[in-house]
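Everything on this sheet refers to the single structure shown next.
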Amino acid sequence: MSIKSTILAAAALFASVNAHIIMESPVPYSVDKIDNGPINKSQFPCKSNLGFTVSKMNTMAVGQQQTIKFKGTAVHGGGSCQLSVTMDTEPTESSVFKVIKSIEGGCPGVDGTTNEYNFELPASIPNGKATFAWTWFSKMSGAPELYMNCAPIEVTGGASDKSAFEALPDMLVANVGDGCTTAQNFATKFPNPGSVVQQGATNDQKPPTGSCGSSSGGSAPAQPSSPAGQPPSAPKSSPVAQPTPPSGGPPPVAAPSSAPTAPPSNPGGVFAPGASGAPLESTKTTLVTVTAAPTPAKPTVPASPGTGTPAPPAAPPAGAPASPPTSGGGASTTCSTNGAIVCNGEKKFGLCNNGNVVWQDVAAGTACANGVISKRSLNGRVARPRYGNTRVARAAAN
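Each residue of the sequence shown is one higher than the one before, counting from 783 in our numbering.
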């Protein structure tokens, strides 16, 4: 090969490498070593082979506007990006990345120019040091690729525990040799984009295909996609058959009994493993018909197998409406502020996701109040004997 050919080949290689996109702000780990090529399985996550040297700590306050900026020109026709956070300061392949924003189409730019994107850290992210990640599935790169840059961050004004954070959806992982692949010449349609989704300059989107699995344990169930400007439909619940009460008698009394059910699986996408959290619970209601008698006799309730006979409930007066059963852990309601924590009493909370909230239990020892999950106060509690221990209490009094 001639000297001229060698120089031209080297120049072409340099231009190709230099043309890819890297994250410029927040300032990434090992910024003096970072390269702008796609990531492979051995480097996942964050180009971990380059190390996690912190040249600048990026301080971010929850709820305040942040901006992500890029450097480079080869945007490969755009594509789709996700912004995610893990509480690990030196992430590994088992780290859990939680999505805070998804950009579907036109990311990080089109026509050789890059965009800047604004985002906010939700109140569910705990205080302290963490890792911010930008992932990009390019549209027209010649082969399915995943680009990923990570940056050190320090979170202020956030949550005191991880309960709400673990309910966020997991980051999509594809094109790294695990059998999940994004479609070429299409922007990726994320199976579980989270509550903050920005539609880019293009609308030609397809979900990933292959052995993509589903979201891991702590993720909130994915909401079906909705047209721009329209909130997703609230999940439908199956009605419970109501028995017909006898003429003149009181309405049936509901005796709820909780039974855990598995959360729905997402249509596709490999997600960062390791998320923890209990499955959502739904309430199964058994209806018992109580017939009014001429005398004030107490109605009886059949005892469950293997348990003692419970105290019979007082019969409601004739014609009085029966109280509706309380919603269980899988019920949902509406809300107005995306990403906000919504309390349902002290023991249940949910994240506002496109106008809907799915309730779940807070962590042991914590309570939800005024949109904040914090350690539960034990002040003011009075110890009382449990049901059935009246005899012991009286003996102690004597």
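Backbone N, C-alpha and C define an ideal beta-carbon position, used for all residues, glycine too.
State buried or exposed for residue i, treating a residue as buried only when at least 16 other CB atoms are found within 10 Å of its CB.
i            : result
residue 952  : buried
residue 1082 : Unreliable placement is indicated for residue 1082, whose pLDDT of 49 sits below 50; no coordinate value is reported for it.
residue 1135 : buried
residue 839  : exposed
residue 815  : exposed
residue 976  : buried
residue 1127 : exposed
residue 845  : exposed
residue 959  : exposed
residue 1148 : buried
residue 985  : exposed
residue 925  : exposed
residue 970  : buried
residue 1137 : buried
I think residue i touches residue j, with their Cβ atoms under 8 Å apart; what is that distance to the nearest whole Å?
i            : j            : result
residue 808  : residue 871  : That pair is no contact at about 14 Å.
residue 868  : residue 913  : 5 Å
residue 917  : residue 899  : With 8 Å as the limit, residue 917 and residue 899 do not qualify as a contact, their Cβ atoms being about 13 Å apart.
residue 1117 : residue 1151 : Residue 1117 to residue 1151, Cβ: 16 Å. No contact.
residue 942  : residue 1156 : 5 Å
residue 881  : residue 866  : 5 Å
residue 902  : residue 864  : Going by Cβ atoms, the distance from residue 902 to residue 864 rounds to 15 Å, so no, they are not a contact pair.
residue 1140 : residue 1130 : With a Cβ gap of about 10 Å, residue 1140 and residue 1130 do not count as contacting.
With residue i as the anchor, note down where its beta strand (DSSP E) starts and where it stops.
i            : result
residue 930  : 929 to 938
residue 1133 : 1130 to 1133
residue 972  : That residue, residue 972, is in no beta strand (DSSP E); it is neither H nor E in DSSP.
residue 886  : 880 to 886
residue 842  : 840 to 843
residue 1149 : 1148 to 1151
residue 1125 : 1123 to 1126
residue 811  : Run containing residue 811: none; DSSP gives neither H nor E here.
residue 900  : 899 to 902
residue 782  : Examination of residue 782 is not possible in this model, given that the chain is present from 783 through 1180 alone.
residue 1155 : 1154 to 1157
residue 1140 : 1138 to 1140
With a cut-off of 7 Å, does the C-beta of residue i fall near any C-beta of chain C?
i           : result
residue 827 : In summary, chain C is missing from the structure at hand, where a single protein chain is found.
In the DSSP output, which residue or residues are listed as bridge partners for residue i?
i            : result
residue 805  : 852
residue 868  : 913
residue 988  : 970
residue 873  : Paired residue(s): none; residue 873 is not in a bridge.
residue 847  : 902
residue 919  : 862
residue 817  : According to DSSP, which records beta bridges pairwise, residue 817 is partnered with nothing at all.
residue 1116 : 1138
residue 941  : 908
residue 962  : 992
Among residues of its own chain, excluding the 5 on either side of residue i, which ones have a beta-carbon nearer than 7 Å to its beta-carbon?
i            : result
residue 922  : 858, 859 and 967
residue 983  : 860, 887, 888 and 892
residue 813  : 837
residue 851  : 806, 807 and 898
residue 927  : 820, 920 and 957
residue 1119 : 1134
residue 802  : 818, 819, 854 and 856
residue 843  : 938 and 939
residue 907  : 844, 867, 937, 940, 941 and 947
If you drop the 5 nearest sequence neighbours on each side, which residues of the same chain put their C-beta closer than 6 Å to that of residue i?
i            : result
residue 909  : 937 and 940
residue 1183 : In the structure as shown, the chain starts at 783 and stops at 1180, and residue 1183 therefore has no counterpart that could be examined.
residue 731  : Because residue 731 is not part of the residues shown, which for the chain are 783 to 1180, the question remains open.
residue 972  : 884 and 954
residue 1084 : With a pLDDT of 46 at residue 1084, under the threshold of 50, the modelled position of this residue cannot be trusted; read the value that follows with caution. Nothing listed; no residue qualifies.
residue 896  : 852 and 890
residue 894  : 855
residue 841  : 936
residue 979  : 884
residue 833  : 812
residue 1024 : In this prediction, residue 1024 has a pLDDT of 47, which is less than 50 and means its spatial position is unreliable; nothing more can be read from the coordinates.
residue 1132 : 1124, 1139, 1140 and 1141
residue 965  : 988
residue 911  : 871 and 936
Here's a check: name, in chain order, each residue in its chain whose Cβ is nearer than 8 Å to the Cβ of residue i, leaving out the five neighbours to either side.
i            : result
residue 931  : 804, 805, 810, 816, 828, 829, 915 and 916
residue 1153 : 905, 1122, 1123, 1124 and 1125
residue 987  : 862, 886, 887, 968, 969, 970 and 971
residue 822  : 958 and 959
Any chance the CB of residue i is under 6 Å from a heavy atom of the ligand SAH?
i            : result
residue 1126 : With respect to the ligand SAH, the structure offers nothing, as it holds no ligand at all.
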